[in-house]
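Visitor:
Numbering (the numbering used here), first residue to last: -6 to 297.
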C-alpha cells in the first residue's frame, strides 16, 4: 500500500447546474444548487484514500463553519489530518462552479486559508513527508509551501507529483527541477512549454521539453482521448474509457489521486497505473460534484 501525502487546497464548493453557460450581462435560472467538499488538493487526497492508499494531508482552513465542514469530511475519509492548520481571522477556501448540460464547467476560486500553506507549516509536517512514497501538489495554495515540501521530499527520496493547475505562466524552473512526475492537461502543457498540441508529434515534443526542464516522468491528460506518458525510453498513449460525462469537476484530481495509489516508485507499472486512473476519472465524470463523485476502489476494479 502506497503512502501518499498531498499538500494543497481545501475548498468548500458551491455548484450551480445550468442548461447553458450565461453570456456576459445575461441572467439565467439554475436547474440545481448544492454544496460539497472540494479543492484540487483535497479532491486528490480523497481519490487516493478511496483507492486504498495510506493518505496524509497538509493544508489550512479558516476558523469558520466551512472549515469545520471540510475538516470533518476529510477526517471522515480516514485521511491523516494532523497536517491541517486552522487559521484565525481567515476564511476557508471557496470555489464557485457552474456546470452546463454537456458536463463542461466554469470555476472561480477564493483561496482564503490556502494562502497560509507556507514553509512554516511544511517544517511542522516534515516527518509525514519523509515517510511517504509520493507527495502531490497543485497551484491552489501558497507556492512557497509547495517549494519547501518538494525540497524535503527530494532530500528524503520521496517521489514528487506536480499538477500544474490552475495553469500559470512563467512557472518556476526551480520547482520543475524538484518534480519527478508532472501531470498537466493540454492547456497547461501548452502554457508551460509554448508548444501547441496539434498532433502526436507535438505532444511528444512538449513532453520532451518538460523533461529537459528536469522532470523525470511526464503524463499529459488528453480528455476523452486518455493520457500520454513519456519516461526514459518508454512512451505511449493509454486510452480513456468512453462514457457520457455530466460533470467534469474533479476528473483530473481523481486521475492523479488514483494513479498515485497504484504507481510503483520506480514507475515500472506506469501503463497499468494510468489505466487505473483513467477508470477512476471515467466514473467521476458521470456524477455531479467534486468529492461526492470520486469513486471507491471496488467500483474502479469493477469497471470494464
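Using N, Cα and C, we set each Cβ at its ideal position, and we do this for glycine too.
In this structure, how does DSSP classify residue 10 when only helix, strand and coil are distinguished?
Guide: DSSP places residue 10 in strand when its eight states are reduced to three.
Visitor: Between the alpha carbons of residue 133 and residue 194, how many angstroms are there, rounded?
Guide: Going from the Cα of residue 133 to the Cα of residue 194 covers about 31 Å.
Visitor: Compute the Euclidean distance between the alpha carbons of residue 249 and residue 255, then round it to the nearest angstrom.
Guide: Going from the Cα of residue 249 to the Cα of residue 255 covers about 10 Å.
Visitor: Specify the secondary structure class of residue 269 as computed by DSSP and reduced to three states.
Guide: Correct three-state label for residue 269: helix.
Visitor: Looking at the structure shown, is residue 202 part of a helix, part of a strand, or coil, going by DSSP?
Guide: The answer is helix: DSSP assigns residue 202 an H, G or I state.
Visitor: At which residues does the alpha helix (DSSP H) containing residue -6 begin and terminate?
Guide: Residue -6 -> no alpha helix (DSSP H), and no H or E assigned at all.
Visitor: Could you please give me the residues that DSSP links to residue 87 through a beta bridge?
Guide: Its beta-bridge partners are 5, 103.
Visitor: Would you grab the beta carbon distance between residue 219 and residue 156 for me? Rounded to a whole angstrom, and I think it's under 8 Å.
Guide: In fact, because the Cβ distance is near 17 Å, the residues do not count as touching under 8 Å.
Visitor: Decide yes or no for the touch test of the stretch 66 to 77 against the stretch 87 to 101: beta carbon pairs closer than 8 Å, at least 3 of them.
Guide: Too few Cβ pairs lie closer than 8 Å, so no.
Visitor: For residue 113 and residue 23, I'd like the C-alpha separation in whole angstroms.
Guide: Looking at the two C-alpha atoms, the distance is approximately 42 Å.
Visitor: Taking residue 227 as part of the alpha helix (DSSP H), name the residues at either end of that continuous run.
Guide: First-last for residue 227: 227 to 232, but that is the beta strand (DSSP E), not the alpha helix (DSSP H).
Visitor: With distances taken from CA atoms, which of 251, 58, 43, 38 is nearest residue 51?
Guide: Minimum Cα distance to residue 51 is reached at 38.
Visitor: Once you ignore the five residues that flank residue 131 on each side, which residues in its own chain have a CB closer than 7 Å to its CB?
Guide: Excluding positions up to five away in sequence, the list reads 1, 2, 33, 34, 156, 158.
Visitor: List, from N- to C-terminal side, the alpha helix (DSSP H) runs of 4 residues or more that fit wholly inside the stretch 115 to 165.
Guide: With a minimum length of 4 residues, the continuous alpha helix (DSSP H) runs that stay inside the stretch 115 to 165 are 119 to 123, 136 to 149.
Visitor: For the alpha helix (DSSP H) containing residue 209, list its first residue and its last residue.
Guide: No alpha helix (DSSP H) holds residue 209; DSSP gives it neither H nor E.
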